[in-house]
Amino acid sequence: MNENTESTLDPNEDDLPLMANAGYMLVRHYVLDLTVNFDRKVINSTIVLFLEANQEHKKAPHSVGTGCCPSSQALSETEQPGPSCNPIARAAACSSVDKICNLSEHIGNSVTTVNSCNHSNKEWASGISGTREHCSDGADFELVLDCCDLVVNKVEEVNVIAAAGIEKLIRVDMPKSENGIYSQRLQSDVQRNVVEDILGLAAECWQEQHHYYLQCSQAPGCGELQFQTDMWSLKIKKPGVQTPQDFPRVLRICYETKPEGGSVRWTKDQSGSVSLPSCGHPAYPCRFQNTTAQAQDCIPFRVFAPDCLKLRSQEILFPLVARCLAAAHCVLGTHPFSRVDVLMVPASFSSLGMASPHIIFLSQSVLSGEKHLCGVRLCHEIAHAWFGLAIGARDWTEEWISEGFATYLEDVFWANAQKLSEEAAKEQQQLKSMLRWRRLQDELQNSEEELQVLRPNKESTGEVSDSGATIVKHGLNPGKTFMQVHYLKGYFFLHYLENRVGQKAFLKFFRLFVERFHGQLILSQDFLHMFMANFSELRSQGLSMEAIYQNWLDVAGLPKPFVDDTLKWTENRLVCEVQDEVAKWTKFNKKDRKGTSKRKRNDMVTFKELLPDQLVLLLELLFAVKSLSSRTLHWLQKHYCLREQDAEVRHRWCELVIKHKHTVAYGDLINFLEQDQAMGVYLYGELMVNEDAKQQQLVHRCFTKLQEEMDPSLQKVVAEMIL
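Heads up, the final residue of the sequence shown is numbered 724 in our numbering, and it's a clean run with no missing numbers.
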């Protein structure tokens, strides 16, 4: 992003600006101390940042280069650290916090608006330019951190020299005054040298390093710094300091969240108690270089659920965690993290799941039905440990790098967890591909083309301004939260590559890629360059990087040759079984509309039991039938016990209920909107489009009841539909 782009950036659009001048300063480590105030619904916090001047920003290559694990990837206390790592390489490619100096109020990858400020849009936009950081006019250097929805109370420099036990890091050749005290000029040099020595400790000294981090974080302040907040950032400066190299290396920032902040939401759990999920992580070193960790197929785990869901979690979820972790290890090898907790979250959670270091959040919706949906979603979130956490996207617009990979791997992990034969696994995968294909077609037909592109920045992907500022295209678009194009299109792209080389070779390549790029932030070309290098014969077959960009990553829709290949899914055994059942139900419905007696109907038709994914496809295909009688819908629900099925099946059942105005099942619809909110957004749209008075009354009653607890993005999207 060049300076002209920065100066014209409009915050009222749906792009998310990232303001941090990471081109000049990087956050190498932070120590966070939180106090939760339940009465005021705020979190008071101090965060101590350990900074490093970024000397290599302008000459960084497109590929981040080799490195070790992020600091969040740790061995348990009983494990021994592996070979030493280069701390500078690790810092250049750790996490979004390291890369972006992000102080935003957030959970996971979510960053939201809006900090109250008095600047107009024009004034705000003019402040984006990175010219002040160059300091060519003698102005003071400003450290810029991404920040929104926070009230900053104080920023101070930390006197690390006063930290307990730090004396042995102070160089003895440093000159002092007669009374043994450092001069003010030399004190800054000593502080910088101490911090550089701490940051430079090798990985085998990680315990000593973290001891120093903790001691320094508790040291007293040595002077408050000037700061200013605007809509998207916190700007800090020390009068008289004109270069990043001379800027203080350890800062303490005191702040608190806002009750109305959109990223940290206060809600009640399923038992009615006010709650807020939290997670943390211990220290590194790199698990990928540790032989004990490499052999650990199932890392320690715990499952947390409210009292009302404990029994269900023990029956459904708990037995699956070990199986899915072991299946993932079988496919990709070393687990990036030493442990994992699984937390069941309330109905208002914005998705079916989310992964963070050492913790997986799962919606209560996955506990409905049998184990299928729970296992699939758990596998998806486990896959993010590798793709999304251990390996992240350097450009946040390339979300397919995490979501497309996780969607592809969830099938592989789940088939392995079920111990399916190769043929059975292929059948399940093709059935799943059929369902995803139908979903993707619907999204491609009902979304803007610009939102369908996997690399919306195209040739500018990964570029930042000299200051390090950039934007995430469509990052603030609330509707994009509920789109699955990047999940599904990324999934089909990976299957396209798999079909070119075979699944075994493709998964073997995945392990090589993880070994090469773990702990780094990547771009699409990093993956593709390594893929093309490992399968060089593909070039002679007409596959090139340019063709991939033009057909898959830089355009809307899907390539026509791939669309033609989808016809083979109709020959899948599981799909054929569903088509046979659809024909039976269609015939059953016709006879019912002609008034055939109940006894004769039951004598004439025998329906087959179906797998959950088959049931989803069955209900989708029946949705295409122009008219289903109430009696047919009644027997459909009764035969398959649809009210007891998983959320994916019940969602399709609700679509049939809406289409055919099946009023006796409106209770099922209301229950779904209340208990499965992350999936209910599509139903709101269908209820409004139907233009039925009873259905629209139902919508308004549900929205009035739920809007206060709804996820803000869901609330906004639904409100636009119905108000």
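For glycine and all other residues, C-beta sits at the position ideal for the given N, C-alpha and C. None of these values were measured; they are calculated from a predicted model.
For ASP308, the CB contacts under 7 angstroms within the same chain, skipping 5 residues up- and downstream, are SER272 in chain order. For the beta strand (DSSP E) assignment, the uninterrupted runs of no fewer than 3 residues enclosed by the segment 490–538 are, from N- to C-terminal side, 521–523. The way I'd put it, the segment 353–370 doesn't touch the segment 417–429; fewer than three beta-carbon pairs between them come closer than 8 angstroms. With contacts defined as CB atoms closer than 8 angstroms, LYS238 and PHE142 qualify as a contacting pair.
Judged by their CB atoms, PHE289 and HIS519 are nearer to each other than the 8 angstroms cut-off. For THR567, same chain residues with a beta-carbon under 6 angstroms away, outside a window of 5 residues either side, are TRP438 in chain order. Per DSSP, the unbroken alpha helix (DSSP H) holding CYS375 starts and ends at 373–384. Under the three-state reduction of DSSP, MET232 is assigned to coil, being neither helix nor strand.
In this structure, DSSP gives MET26 an extended state, which the three-state scheme calls strand.
The DSSP-derived three-state label of LYS269 is strand. 8 angstroms or more divides the Cβ of TRP387 from the Cβ of VAL502. Counted as a single uninterrupted DSSP element, the stretch harbouring MET722 is not any beta strand (DSSP E) but the alpha helix (DSSP H) occupying residues 713–723.
Its chain contains LEU688 as the residues whose beta carbon lies nearer than 6 angstroms to that of GLN696, once the 5 sequence neighbours on both sides are disregarded; these appear in chain order.
Pairing LEU252 with ASP342, the inter-Cα distance amounts to about 31 angstroms. Distances from the alpha-carbon of GLY469 to those of ALA23, PRO18, LEU17, GLU197 put ALA23 closest. Between the C-alpha atoms of HIS475 and PRO457 there is a straight-line separation of about 9 angstroms. For GLN580, the number of other beta carbons within 10 angstroms of its own is below 16, and it is reported as exposed.
The secondary-structure analysis by DSSP pairs MET680 with nothing; it has no beta-bridge partner. Note on geometry: alpha-carbon atoms of SER537 and ALA407 lie some 25 angstroms from one another. Shortest Cα-Cα distance from GLN429 to any of ARG651, ASP712, VAL576, GLY686 involves VAL576. At the C-beta level, VAL690 and VAL718 stay beyond 8 angstroms of one another.
Taking the C-beta atoms as reference points, LEU707 is found nearer than 8 angstroms to GLN678.
In this structure, the CA atom of ARG313 is about 17 angstroms from the CA atom of ARG644.
CA-to-CA, the gap between GLU451 and MET546 works out to about 21 angstroms.
The Cβ-Cβ distance between PHE493 and PHE563 falls below 8 angstroms.
Boundaries of the beta strand (DSSP E) harbouring PHE51: 43–54, taken from the DSSP string.
Annotated three-state conformation of LEU344 is strand, per DSSP.
Classified as exposed, SER541 has fewer than 16 neighbouring CB atoms from the shown chains inside 10 Å of its CB. DSSP, reduced to helix, strand and coil, places MET355 within a strand of the structure shown. For PRO562, the three-state secondary structure derived from DSSP is helix. Take ILE549, set aside five residues on each side of it, and the residues of its chain with a beta-carbon closer than 7 angstroms to its own are LEU529, in chain order.
THR607 sits exposed, since fewer than 16 C-beta atoms from the chains shown fall within 10 Å of its C-beta.
The distance from the Cβ of PHE305 to that of MET345 is about 7 angstroms, consistent with a contact at the 8 angstroms cut-off.
In the three-state DSSP reduction, GLY476 falls in the coil class, being neither helix nor strand.
Beta bridge pairing from DSSP links PHE302 with VAL341.
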